[in-house]
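Heads up: the sequence shown is residues -25 to -1, 1 to 422, going by mature numbering (1 follows the signal peptide of the UniProt record, and there is no 0). C-beta: ideal position from N, C-alpha, C; glycine also.
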Amino acid sequence: MKVMNEPMQLLALLSFCSIFFLVASEDPYRFFDWTITYGDIYPLGVKQQGILINGQFPGPEIYSVTNDNLIINVHNNLPEPFLLSWNGVQQRRNSYQDGVYGTTCPIPPGKNFTYTLQVKDQIGSFFYFPSLAFHKAAGGFGSIKILSRPRIPVPFPEPANDYTFLIGDWYKIDHTKLRKVLDFGHKLPLPQAVLINGHANGTSFTVDQGKTYRLRISNVGLEHTLNFRIQGHIMKLVEVEGTHTVQTSYDSIDVHVGQSYSVLITADQAPKDYYIVVSTRFTNRVLTSTAALHYSNSQQPLSGPIPAGPTTQIDWSIQQARSIRTNLTASGPRPNPQGSYHYGMINISRTIKLESSAAQVNGKQRYAVNSVSFVPADTPLKLADYFKIGGVFQVGSIPDTPSGRSMYTDTSVMGADFRAFVEIVFQNHESIVQSWHIDGYSFWVVG
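If you want it as structure tokens, here you go:
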């Protein structure tokens, strides 16, 4: 048996410690195995065909912690291609996992695809949803919670519990028929209902008197802004899509399509059941859904009229959005204040104006940005770019500003310079609210 001398022993010990440190310091992995199927759902009390994930509607919740690696194996048992997109997950240098047509190949029927995501330097409330063929109108969505690491201070005491509210408008019409409505040259009808966690009414959330709870509210719908309120209770806003906010209190909150908010409520009222109300905004006919905030020592069920909320007041919603401020003294995903940024000092190198419009193209109802209605290419754009496949798309095929032209179709791709600061102006001349999603980016609203 050979005995190592002292320097060799020290070197071996250091090598072992280095290997141990590398293994121990690797960010954790969380594994998910999902099967996508059609199944019967009854959100409005009558049978509809819904999209289920592991038999669930809505789909399973993704629970994670900052920097976790998420390995999600998705089996597509639908008779058509399917894609999932991860709303709010930044996909740093990982856009080919984003799950939208153009960056990711659809999952063919009977096949599977494994998404590999990392929630790097992120916290907060988000959701996932299907991004193809109006699948979102049939389900397939679910929540994403990204918790702060234990050593990172959070700017409020730990709540007694953490509840998720997936709210959204809903059609009684099958999603395949909605596609046909557009192809026959008609605009979509208005949704017929509003759901809370997949139910029109009857959901209950139990609280203990005197305790404080966190509610994560995401609008997973298709069209309508929704107002969220709780009878007799004040909501304190603490987080918007991964950013801690100045803790402002509201009687009700407008949540636009795609947005996610976190609020704190304290069960400080008399012990009974209280209405949780979600209703449409900016609509002539107000759609409403209710649930119950049930005090654990309650002896009185829901009673009385449903609390009214704002309806068509646009300025009310704008002023509320303007009142939301970043909490500059709180830690974000890392143990340091988020700090301020003087956007007035940014050297803006380019201004892009994006105008939405609707028109018929070849007898079909279509929608456009700067007069260009996007047509998916046969090859995903990321693959074509990586392998330098010509003829798939052309950079600059959509103008930086509205052209005033009649609507036409193209695989529209706009170029940008790496690390450049760009100002984007959104213009909506239509009679409906438009929600824009800037995939993978956080940004400042400056006007």
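| Query | Result |
| --- | --- |
| CA nearest to the CA of LEU262, picked from VAL253, THR79 and LEU268 | VAL253 |
| Limits of the unbroken alpha helix (DSSP H) element including THR151 | 150 to 158 |
| Pair within 7 angstroms by beta-carbon distance, THR265 and ASN176 | yes |
| Neighbour-count burial assignment, LEU(-4), 16 or more Cβ in a 10 Å radius | In this prediction, LEU(-4) has a pLDDT of 40, which is less than 50 and means its spatial position is unreliable; what the coordinates show is noted afterwards. Counting Cβ neighbours within 10 Å, LEU(-4) comes out exposed, since fewer than 16 surround it. |
| DSSP beta-bridge partners of GLY143 | LEU170 |
| Cβ shell of THR139 (< 6 angstroms), same chain only, five flanking positions each side left out | SER118 and ARG191 |
| Cross-strand partners of THR301 (DSSP beta bridge) | THR220 |
| Pick from GLY77, ASN48 and TYR103 that is closest to LEU59, judged by C-alpha positions | TYR103 |
| Environment of GLU214 [buried if 16+ CB atoms lie within 10 Å] | buried |
| C-alpha distance - THR10 paired with LEU277, whole-angstrom precision | 38 angstroms |
| LEU58: first and last residue of the uninterrupted beta strand (DSSP E) it sits in | Where LEU58 is concerned, there is no enclosing beta strand (DSSP E), given that its DSSP letter is neither H nor E. |
| Residue closest to ARG124, alpha-carbon to alpha-carbon, out of GLY14, ILE98, ILE289 and ARG341 | ILE98 |
| DSSP three-state assignment for SER306, whether helix, strand or coil | strand |
| Beta bridge counterpart(s) of PRO105 as assigned by DSSP | LEU59 |
| Residue closest to LYS247, alpha-carbon to alpha-carbon, out of TYR188, LEU268 and SER306 | LEU268 |
| LEU157 versus ARG341: straight-line alpha-carbon distance, rounded | 7 angstroms |
| At least three beta-carbon pairs within less than 8 angstroms, the region 214 to 224 to the region 149 to 167 | no |
| Whether LEU201 touches VAL230 by CB criterion (7 angstroms) | yes |
| Helix, strand or coil at ALA245 according to DSSP, with G and I counted as helix | coil |
| 8 angstroms contact criterion, which PRO18 and HIS174 should meet: CB distance rounded | 6 angstroms |
| VAL129 versus ASN311 - alpha carbon distance | 11 angstroms |
| Which residues DSSP lists as bridging MET210, in chain order | TYR225 |
| Which residues DSSP lists as bridging ILE205, in chain order | ILE251 |
| Expected contact under 8 angstroms - CB spacing of GLY63 and GLY185 to nearest Å | With 8 angstroms as the limit, GLY63 and GLY185 do not qualify as a contact, their Cβ atoms being about 33 angstroms apart. |
| Distance between beta carbons of ILE26 and PRO105, contact taken as under 8 angstroms | 7 angstroms |
| Sequence-distant residues of its chain with Cβ nearer than 6 angstroms to THR178 (five each side left out) | ILE171, ASN172 and ALA266 |
| Inter-stretch contact at 8 angstroms, needing at least 3 Cβ pairs: the region 328 to 340 / the region 47 to 61 | no |
| Residue nearest to ASN345 in terms of C-alpha spacing, selected from ASP353, SER372 and THR376 | THR376 |
| TYR361 - containing beta strand (DSSP E), residue span | Careful: TYR361 lies outside any beta strand (DSSP E), inside the alpha helix (DSSP H) at 356 to 361. |
| Rounded separation between LYS111 and VAL182 - CA only | 31 angstroms |
| Reference ILE251; option with closest CA among ASP226, TRP291 and GLN274 | ASP226 |
| Coarse secondary structure for SER406, derived from DSSP in three states | coil |
| Proximal residues to ASP137 (C-beta, below 6 angstroms), its chain only, five neighbours per side dropped | ARG189 |
| Straight-line gap, HIS369 to LEU358 (C-alpha atoms, nearest Å) | Here residue 369 turns out to be Gln, not His, going by the sequence shown. Each residue's Cα considered, the two are about 14 angstroms apart. |
| First and last residue of the uninterrupted beta strand (DSSP E) at GLY177 | 176 to 182 |
| C-beta contact flag for PHE88 and VAL49 at 7 angstroms | yes |
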